[in-house]
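Everything below concerns the one structure shown next.
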Amino acid sequence: MAAAAVGDVEDFIEQNRHLSDFVETFRSISESEKHWKSRREFIFRNINDYEDPHIDHLLALSMVWANHVFLGCRYNPALLDKVKEMADGIVVEDAPVFKTRDEIVKQQRR
Numbered sequence: 000m001a002a003a004a005v006g007d008v009e010d011f012i013e014q015n016r017h018l019s020d021f022v023e024t025f026r027s028i029s030e031s032e033k034h035w036k037s038r039r040e041f042i043f044r045n046i047n048d049y050e051d052p053h054i055d056h057l058l059a060l061s062m063v064w065a066n067h068v069f070l071g072c073r074y075n076p077a078l079l080d081k082v083k084e085m086a087d088g089i090v091v092e093d094a095p096v097f098k099t100r101d102e103i104v105k106q107q108r109r
């Protein structure tokens, strides 16, 4: 994440400790610090639109976004458009770059 974005999130956390403690319970044991910080920002940016009983929907969308960014998972284009819009402004430094099978095959034919 960019330094300004990190600072904004950290300020928000300090000012909203109760919400922050709640969101921390959603961290997966397998998530790296980098992965979690980005997904946590996604959750914070959208939590007001998905409060109880819809928090599970937000968590699923956050995993779709994180899986796409960090693991290269592909999803329905409409779903990806939605999560990309929800993540607008989140900067992930050194995000992996993935190629599709078709891109790899095309590159090998050259």
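Residue numbers (numbering that gives the first Met the number 0): 0 to 109. Even glycine gets a Cβ: it sits at the ideal position worked out from N, Cα and C. All of these numbers come straight from a predicted model, not from anything done at the bench.
Simplified DSSP assignment, three categories, for residue i
{"i": "residue 94", "result": "coil"}
{"i": "residue 43", "result": "helix"}
{"i": "residue 30", "result": "coil"}
{"i": "residue 15", "result": "coil"}
{"i": "residue 50", "result": "coil"}
CB contact flag (residue i, residue j, <8 Å)
{"i": "residue 132", "j": "residue 89", "result": "The first residue shown for the chain is 0 and the last is 109, placing residue 132 beyond what the model contains."}
Residue from the options with nearest C-alpha to residue i
{"i": "residue 54", "options": "72, 77, 24", "result": "24"}
{"i": "residue 113", "options": "8, 96, 102, 85", "result": "The structure shown does not extend to residue 113, since the chain is modelled only from 0 through 109, so no value can be given for it."}
{"i": "residue 93", "options": "26, 50, 70", "result": "70"}
{"i": "residue 96", "options": "30, 104, 109, 72", "result": "72"}
Cβ-based neighbour list, residue i, same chain, cut-off 6 Å, excluding 5 preceding and 5 following
{"i": "residue 28", "result": "none"}
{"i": "residue 66", "result": "72"}
Own chain residues within Cβ distance below 7 Å of residue i, not counting five before or after
{"i": "residue 43", "result": "8, 11, 22"}
{"i": "residue 63", "result": "74, 78, 82"}
Sequence-distant residues of the same chain with beta carbon closer than 8 Å to residue i, five excluded per side
{"i": "residue 2", "result": "With a pLDDT of 42 at residue 2, under the threshold of 50, the modelled position of this residue cannot be trusted; read the value that follows with caution. Here the set comprises nothing."}
The segment 9 to 18 in contact with the segment 56 to 64 per 3-pair CB rule at 8 Å: By the Cβ criterion, the segment 9 to 18 is not in contact with the segment 56 to 64, since fewer than three pairs of Cβ atoms, one from each stretch, lie closer than 8 Å.
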